[in-house]
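Numbers 54 to 854, taken from my numbering, label the letters of the sequence shown in order.
Report on the following structure.
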Amino acid sequence: MKENIIVAIDGPSGTGKGTLARLLADHLGYYYLDTGLYYRAIAYLMLSYHIDIGAEDEIIRLANDLKLEMKGDRALINEEELGNELRSMEVNKLVPKVAAITDVRLIVNDKIRRYSYDKDIVLDGRDVTTVLFPNALHKIYITASAEERAKRRYNQMKESGEEASFEEIVASIKARDEADKTRKFGALKIADDAFVLDTSNINVDESLKLLIKYIERVKPMNLKDLYINFMIEKGHKQIPSAPVVPENDPSVLFNTAGMQPLIPYLMGAKHPYGTRLTDYQKCIRTNDLDNIGDTYHHTFFEMLGNWSLGDYFKQEAISWSFEFLTKVLNIPVEKLAVTVFAGNDLIPFDQESHDLWLSLGIPEERIARTTEDNFWIAGETGPCGPDSEMFYWRSNDPVPETFDTEDVRWVEIWNDVFMQFEKHEDGTITELPNKNVDTGMGVERTTAILEGKTDNYQSSIWAPIIKLIEEISGLTYEGNEKSMRIIADHLRTAVFILADPAGIKPSNTDQGYILRRLIRRAIRHAKNLNIDINSDWDQKIASELMNMYDNYYSELRDNRQVVLEGLQNEKVKFNRTLEKGLREFEKVTKDNQDIDGVTAFHLFDTYGFPLELTEELAREKGLKVDVDGYHAKFKEHQELSRTASQGKFKGGLAGNSEIETRYHTATHLLNAALKIVVGPDVHQRGSNITDERMRFDFSCDHKLSDEEKQKAEDLVNGWIKDGLDVRCDEMSKEEAIASGAECMFIEKYPDVVTVYTIGDNVSKELCGGPHVKNTSELGHFKITKEEASSAGVRRIKAILD
Ligand code: ATP
Ligand code: MG
Numbered sequence: 054m055k056e057n058i059i060v061a062i063d064g065p066s067g068t069g070k071g072t073l074a075r076l077l078a079d080h081l082g083y084y085y086l087d088t089g090l091y092y093r094a095i096a097y098l099m100l101s102y103h104i105d106i107g108a109e110d111e112i113i114r115l116a117n118d119l120k121l122e123m124k125g126d127r128a129l130i131n132e133e134e135l136g137n138e139l140r141s142m143e144v145n146k147l148v149p150k151v152a153a154i155t156d157v158r159l160i161v162n163d164k165i166r167r168y169s170y171d172k173d174i175v176l177d178g179r180d181v182t183t184v185l186f187p188n189a190l191h192k193i194y195i196t197a198s199a200e201e202r203a204k205r206r207y208n209q210m211k212e213s214g215e216e217a218s219f220e221e222i223v224a225s226i227k228a229r230d231e232a233d234k235t236r237k238f239g240a241l242k243i244a245d246d247a248f249v250l251d252t253s254n255i256n257v258d259e260s261l262k263l264l265i266k267y268i269e270r271v272k273p274m275n276l277k278d279l280y281i282n283f284m285i286e287k288g289h290k291q292i293p294s295a296p297v298v299p300e301n302d303p304s305v306l307f308n309t310a311g312m313q314p315l316i317p318y319l320m321g322a323k324h325p326y327g328t329r330l331t332d333y334q335k336c337i338r339t340n341d342l343d344n345i346g347d348t349y350h351h352t353f354f355e356m357l358g359n360w361s362l363g364d365y366f367k368q369e370a371i372s373w374s375f376e377f378l379t380k381v382l383n384i385p386v387e388k389l390a391v392t393v394f395a396g397n398d399l400i401p402f403d404q405e406s407h408d409l410w411l412s413l414g415i416p417e418e419r420i421a422r423t424t425e426d427n428f429w430i431a432g433e434t435g436p437c438g439p440d441s442e443m444f445y446w447r448s449n450d451p452v453p454e455t456f457d458t459e460d461v462r463w464v465e466i467w468n469d470v471f472m473q474f475e476k477h478e479d480g481t482i483t484e485l486p487n488k489n490v491d492t493g494m495g496v497e498r499t500t501a502i503l504e505g506k507t508d509n510y511q512s513s514i515w516a517p518i519i520k521l522i523e524e525i526s527g528l529t530y531e532g533n534e535k536s537m538r539i540i541a542d543h544l545r546t547a548v549f550i551l552a553d554p555a556g557i558k559p560s561n562t563d564q565g566y567i568l569r570r571l572i573r574r575a576i577r578h579a580k581n582l583n584i585d586i587n588s589d590w591d592q593k594i595a596s597e598l599m600n601m602y603d604n605y606y607s608e609l610r611d612n613r614q615v616v617l618e619g620l621q622n623e624k625v626k627f628n629r630t631l632e633k634g635l636r637e638f639e640k641v642t643k644d645n646q647d648i649d650g651v652t653a654f655h656l657f658d659t660y661g662f663p664l665e666l667t668e669e670l671a672r673e674k675g676l677k678v679d680v681d682g683y684h685a686k687f688k689e690h691q692e693l694s695r696t697a698s699q700g701k702f703k704g705g706l707a708g709n710s711e712i713e714t715r716y717h718t719a720t721h722l723l724n725a726a727l728k729i730v731v732g733p734d735v736h737q738r739g740s741n742i743t744d745e746r747m748r749f750d751f752s753c754d755h756k757l758s759d760e761e762k763q764k765a766e767d768l769v770n771g772w773i774k775d776g777l778d779v780r781c782d783e784m785s786k787e788e789a790i791a792s793g794a795e796c797m798f799i800e801k802y803p804d805v806v807t808v809y810t811i812g813d814n815v816s817k818e819l820c821g822g823p824h825v826k827n828t829s830e831l832g833h834f835k836i837t838k839e840e841a842s843s844a845g846v847r848r849i850k851a852i853l854d
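Shown next as structure tokens:
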């Protein structure tokens with residue numbers, strides 16, 4: 054994985070930050086860059102890396118931009134000229150840019166503040182470090198008291214034999230500090246998300262240790278380990294993440310929260326690991342699908358959780374949440390706010406949680422009381438209780454004193470649920486004898502916060518994927534955020550669904566339908582970015598995603614090929630019709646008319662557009678889709694093709710790729726052939742189609758002989774060779790019956806039906822379609838199996854190759 058880790062270190066002079074930065078770089082094996090003279094850094098990079106980084110052109114271009122003149126292995130720098138040059142450039146983008154093309158892990162030190170003094174660079178005077186190093190993953194501000202700095206300077210001067218007066222040094226340092234506060238363009242302020250280390254009373258070794266500890270702590274993918282270790286220290290046992298598809302819970306398609314797989318234990322069953330549990334759980338929330346494209350909702354995300362099963366309660370849960378956030382993650386209390394349950398007719402205000410937060414240092418104005426969002430119950434009755442959510446101020450705007458829950462700059466990161474009561478059938482509520490705690494914290498949101506990002510996708514969790522999409526598309530994230538986020542998000546979810554032991558494949562029902570929607574929507578957005586959708590773009594992104602996660606989830610290691618093939622197959626299937634479907638969409642909306650149900654269904658049935666995709670396309674044009682009409686048409690079709698004996702779909706809806714359409718037509722031919730070979734009493738009893746084979750059940754009282762099978766095969770292949778046209782007519786049910794059309798359960802059909810006729814009455818059936826236009830499209834037909842299905846019903850499996 055490519056990584057550009059920039060650690061920016063700054064602080065007033067005389068703190069020894071240079072030494073610390075160099076030591077830290079040594080320890081971490083990062084490059085060290087003293088940007089004291091900003092442009093020298095550029096030269097340094099050029100000279101140091103241009104041989105083996107494979108980006109000479111870029112570097113030379115930069116050198117030209119900077120008008121650097123080389124002499125031997127050194128850059129000649131005319132400071133004044135260069136200073137002017139730099140001023141006219143977007144200097145704040147320069148160093149990160151160099152770092153990006155050189156792909157280095159970098160520690161930059163010193164004078165990060167320097168250009169804030171410059172009148173030509175507009176700074177808001179608030180967040181100096183981030184202005185020059187917006188991409189810095191870590192910002193460290195090293196400081197010490199004026200006296201301490203003076204002492205160090207004094208000793209240094211004495212050592213080198215310089216004249217020195219301690220008082221004068223103190224005075225000059227203080228004057229400089231004062232000046233920093235009154236700069237023309239605003240006082241120098243430390244970046245909000247900087248880690249501040251005061252070295253006044255600690256030596257270099259100790260300082261270095263603290264820096265290392267800080268860096269290790271906020272290492273991006275390490276949040277999970279930090280959390281689990283913290284909870285283990287508090288007496289919890291780690292339990293493994295459950296699969297994304299619930300194993301014994303048909304009430305939901307996917308696990309939506311860490312507590313989902315634990316419901317039986319929260320309801321009272323004994324857990325084999327005891328009463329204190331912790332884990333990270335893969336979650337999928339399809340109800341958040343419409344939010345995807347914003348900065349902090351994902352369809353798949355990881356949730357950290359800790360549980361008490363009748364063990365500890367509010368006191369411990371809340372104080373541990375607070376301790377983890379503020380002590381382990383170093384999140385400043387000033388940026389936190391919480392909600393507590395306000396109380397209603399049945400249940401009182403959660404005074405206890407309120408008082409706990411207050412005692413820990415959350416001020417009254419930052420403790421909001423709400424009812425709706427702060428009460429948890431799984432169903433209508435059963436265990437329930439208040440919860441308390443933690444929010445982080447994720448914005449560069451100043452933090453308001455009072456917590457307004459409507460302000461979206463406050464982002465929820467963690468939720469502690471207290472299962473305190475039981476709700477009974479008659480609506481009354483009683484206290485539970487055994488109270489539970491269930492908490493959930495989002496890994497993506499918290500990581501973004503730790504890295505000072507206001508957009509999850511710019512955190513280290515997503516950045517490599519976004520960068521890859523930038524590379525593949527040749528476009529920048531800026532200006533294409535929505536499509537890039539959707540591609541990244543949906544493919545990640547698809548990867549985890551495909552890798553799940555449940556073996557889900559794209560289909561038109563349940564989890565398979567969600568999977569199909571996600572993949573197809575990702576493909577559509579890839580097309581938006583002009584990515585060649587037939588290329589291996591999806592395979593590249595999925596591979597990168599699996600590399601990122603397979604340390605944590607073994608199914609990604611085991612099912613790598615399954616995932617890649619699953620994506621590939623669905624892509625090929627959809628790509629076949631996507632182009633045509635989009636053209637059809639443009640055609641039907643060319644006069645900006647809303648989309649009726651029949652058209653929406655046609656887009657689904659013929660072009661494989663999930664309804665939601667049509668809706669999204671319509672929304673982009675400001676048009677509406679008749680969703681009810683779509684569902685009515687869907688139902689009609691379903692009934693048309695349902696085989697009443699089995700309640701199964703007949704081909705058409707089980708898939709709509711070209712191959713499935715071909716199989717669909719082949720069933721009609723086989724049906725007709727069997728009537729000739731076996732007798733006119735043969736009737737269809739069911740069928741099922743996948744893109745690999747067809748299955749056809751028919752009434753027949755004996756096992757087919759090899760000869761009969763061969764004859765049937767020959768008949769079908771003969772009709773294919775004849776290139777017969779397939780005609781579709783709409784007529785009344787009575788007319789259809791009178792015309793001798795074959796149909797399984799006439800009463801199931803609506804009054805107006807479609808009849809498909811192949812050739813000159815080779816086959817005539819009531820059917821919803823879809824079918825090929827001509828039998829020559831079918832390929833070669835071959836029976837692979839003939840067996841008993843049930844009493845009086847035989848089953849044939851056949852393929853087209
Ligand atoms: P929101 O209101 O912001 O959607 P929520 O109330 O649905 O959040 P919870 O159900 O309490 O969230 O889930 C617990 C935690 O899981 C949240 O605090 C958040 O950190 C994380 N989380 C929830 N939904 C998502 C999502 N769609 N993507 C990423 N993280 C999420
Ligand atoms: Mg939510």
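Where is the CB? At the ideal position from N, CA and C, for every residue including glycine.
CB contact flag (residue i, residue j, <7 Å)
i    : j    : result
G565 : I557 : yes
T500 : I522 : no
I539 : G346 : yes
K447 : V464 : Checking the displayed sequence, the identity of residue 447 turns out to be Arg instead of Lys. Taking 7 Å as the Cβ cut-off, R447 and V464 qualify as a contacting pair.
R419 : F394 : no
N308 : T331 : no
D782 : V808 : yes
A199 : K234 : no
F749 : I849 : yes
Y333 : K277 : yes
L544 : I594 : yes
I525 : M537 : no
E497 : N489 : no
E478 : T434 : yes
A247 : K192 : yes
K686 : G650 : yes
Y280 : L362 : no
P559 : R574 : no
K762 : I852 : no
A516 : V298 : no
Supposed close pair residue i, residue j - CB separation, criterion 8 Å
i    : j    : result
G438 : G311 : Contact flag wrong, Cβ pair sits at about 17 Å.
N628 : L582 : Actually they do not touch by this definition, with Cβ atoms about 15 Å apart.
L264 : L77  : 5 Å
Distance between residue j and residue i (C-alpha atoms, nearest Å)
i    : j    : result
S596 : Y602 : 10 Å
K325 : E201 : Rather than Lys, the amino acid found at residue 325 in this sequence is Pro. Rounded to the nearest angstrom, the two C-alpha atoms are 57 Å apart.
V60  : D854 : 59 Å
L722 : E711 : 17 Å
L862 : V825 : Because the chain in this structure spans residues 54 to 854, residue 862 falls outside the shown range and cannot be described.
T196 : L261 : 13 Å
N928 : L319 : Here the chain has residues from 54 to 854 only, and residue 928 is not among them.
D553 : N340 : 20 Å
S843 : V548 : 39 Å
C753 : A726 : 13 Å
G214 : I222 : 15 Å
D63  : N561 : 56 Å
N741 : H289 : 50 Å
G107 : T252 : Note that G107 scores 35 on pLDDT, short of 50, meaning its location in the model is unreliable; the coordinates nonetheless yield the value given after this. Distance between the alpha carbons of G107 and T252 is about 40 Å.
T529 : L413 : 44 Å
heavy atom of the ligand HEM below 6 Å from residue i C-beta
i    : result
D403 : No copy of the ligand HEM occurs in the structure displayed; its ligands are the ligand ATP and the ligand MG alone.
Measuring CB atoms only, is the stretch 359–378 touching the stretch 392–399, in the sense that at least three cross pairs come out at less than 8 Å? no
Count the CB pairs spanning the stretch 825–836 and the stretch 772–786 that are closer than 8 Å, and state whether there are at least three. yes
Could you check whether the stretch 640–647 touches the stretch 607–616, counting it as contact only if at least three pairs of C-beta atoms, one from each stretch, sit closer than 8 Å? No contact exists between the stretch 640–647 and the stretch 607–616.
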